[in-house]
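Heads up, the thing below is written out as structure tokens.
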Amino acid sequence: MSELILSRLQFGVTTSYHFLFVPLTLGLSVLIALMETWYVKTGDETYKKMTKFWGKLFLINFAMGVATGLVQEFQFGMNWSEYSRFMGDIFGAPLAIEALLAFFIESTFLGVWIFGWDKLSKKVHLLSIWLVAIAGNLSALWILIANSFMQEPVGYVLRNGRAEMVDFLAVITNPHVFYQFPHTVLSGFTTAAFFVLGISAYHLLKKQYTDIFLRSAKFALVFGIISVFGVTGVGHSQGMHLVKAQPMKMAATEAHWETEDPAGLNLLAIVDNENRENSFEIKVPRMLSFMSYGTFSGEVKGINDLQEDAVQKYGEGNYIPPVTSLFWSFRIMVGVGTLLVLVVLVGAFLYKTKRFANTHWFLKLLPWMIPLPYLANLTGWYMAEAGRQPWIVYGLQKTADGVSTAVSAGYIWTSLIGFTLLYGILAIADVYLILKFVKRGPVEAEDEDSSTDVGKGASLWT
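According to my numbering, the stretch in the sequence shown is residues 15 to 476, in order.
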């Protein structure tokens, strides 16, 4: 394999693994903060037990996210030094702010929250977890600001072969951020809702701590309904924006080869990349125009015309991303999202009619739903990143031009194998710890000191 393919493979492996932990951190931190808010508001000790139990699982997930996230920034300087040289002036600024401001607040007040039980007043302790939740989501904002420049460059000039920032306000108010950030955060909230629902269902089936897990399920159902419908609405708006900002990405996602007005939507298709057509397709007339513009008429450019436009604008080359994988990634994401909507609505109905805890078939289903938001997150991330290929910075730098020139394939193979083995070990440790604390339940350590009770999950990593 070439250095380019190996570098892309390594970054894909490490980033995908890291991204397994990010969404749960975003959502579970807010859910825990809401649970503790109810504890402070009502004085009910059940909410305190809920907060501590879910807090342990949050700490394990958070530690894994930090450990796997450290690798990402090193890769920019090692495998992607030409990319870093080209736009480090822009890409580095939001990442520096994320590390020095948002992550600093998040990690500092997480320590305060872990060790502050019964040492701080209830309201101050509650404030600490809200600061963790807010800072964690602000971290995502700054990272997505950096990523959004790669998707839709703004506020820059090209000078001496580099992209240099000239308008910081334009960079942080990039139109792409206003769609990507809420879509990512709401996806994280959805992940947390189904994580809590699945584990709550596990204990309800065993008739363990029913009061705690019925309340946890109620929090998760309300949180899940808001999040699932929110991510669906924002996702639709994001797609309409990308039709204008990245038309090739959206055309490839729909396997839409020829320009049409009105344009039909391919529900299913067998893609023939070599001949740039679909050898088989099931199409809904006018639906792609509706999804693109909100009306049942309107021209949607096809891949073939967009390829010709790109050649005229950027010169000879293949500007078509991997159509087959994008087409099916999008349908997996949408299909999973639709299923999650149905599940959370059924759950809400059962809870409202007081049948949730006794509907065993549904409780048995919920633990199996936990992986589905993760699948939707990864396929959505793949669509966002692979869909802009062959660009690493859309319209400015191709991926092939961003790879390091001084790193050999042998070095990349060595680090790729090393990271894969290390992450495999971490995966085993993560699953072991999560299962251990899930099975233990929320009241095993009632008589222990509060700080060590919640901090036990963190101490396993130190």
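All C-beta atoms in this analysis are idealised placements derived from N, C-alpha and C, irrespective of residue type, glycine included.
Terminal residues of the alpha helix (DSSP H) in which VAL421 lies: It is not in any alpha helix (DSSP H) - VAL421 carries neither H nor E in the DSSP assignment.
Whole-number beta carbon distance between ALA266 and ASN280, since they are thought to touch under 8 Å: Going by Cβ atoms, the distance from ASN280 to ALA266 rounds to 12 Å, so no, they are not a contact pair.
Continuous alpha helix (DSSP H) assignments of at least 4 residues falling wholly in the region 49-99: For the region 49-99, whole alpha helix (DSSP H) runs of length 4 or above, ordered along the chain, are 59-92.
LEU2 - DSSP class collapsed to helix/strand/coil: Since the first residue shown for the chain is 15 and the last is 476, residue 2 is missing from the structure and cannot be characterised.
Residues of its chain near SER95, where Cβ-Cβ distance is below 7 Å and the 5 sequence neighbours each way are ignored: SER418
Buried versus exposed call for ILE442 [16 or more other C-beta atoms within 10 Å across all chains shown]: exposed
Counted within 10 angstroms of its Cβ, other Cβ atoms place ARG454 as buried (16 or more) or exposed: exposed
Selection from THR246, VAL36, TRP395 and ASN372 that minimises the alpha carbon distance to LEU219: ASN372
Reference GLU50; option with closest CA among PHE35, SER16 and HIS139: For the residues PHE35, SER16 and HIS139, the minimum Cα distance to GLU50 belongs to HIS139.
Status (buried if at least 16 other CB within 10 Å, exposed otherwise) for ASN161: buried
Neighbourhood of TYR61 by C-beta, 8 Å cutoff - its chain only, sequence neighbours within 5 removed: Counting only Cβ-Cβ distances below 8 Å, and skipping sequence neighbours, we find MET49, GLU50, TRP52, TYR53 and ARG229.
Under 7 Å between C-beta atoms of VAL44 and ILE213: no
Whole-angstrom C-beta distance between THR28 and PHE76, which should lie under 8 Å: Contact flag wrong, Cβ pair sits at about 18 Å.
Candidates PRO456, ASP181 and ILE406: closest to ASP100 by CA position: The sequence shown places Phe at residue 100, not Asp. Cα-wise, what sits closest to PHE100 is ILE406.
Integer Cβ distance of SER251 from TYR193, believed to fall under 8 Å: 6 Å
CA-to-CA distance, PRO37 to VAL199, given in whole angstroms: Between VAL199 and PRO37, the alpha-carbon positions lie close to 7 Å from each other.
Nearest-angstrom Cα separation, counted from LYS63 out to SER464: Its pLDDT being 41, under 50, SER464 is placed unreliably in this model, and the value from its coordinates should be taken loosely. Straight across, the Cα-Cα distance linking SER464 with LYS63 is about 11 Å.
Pairwise C-alpha distance: MET164 and ALA177: 11 Å
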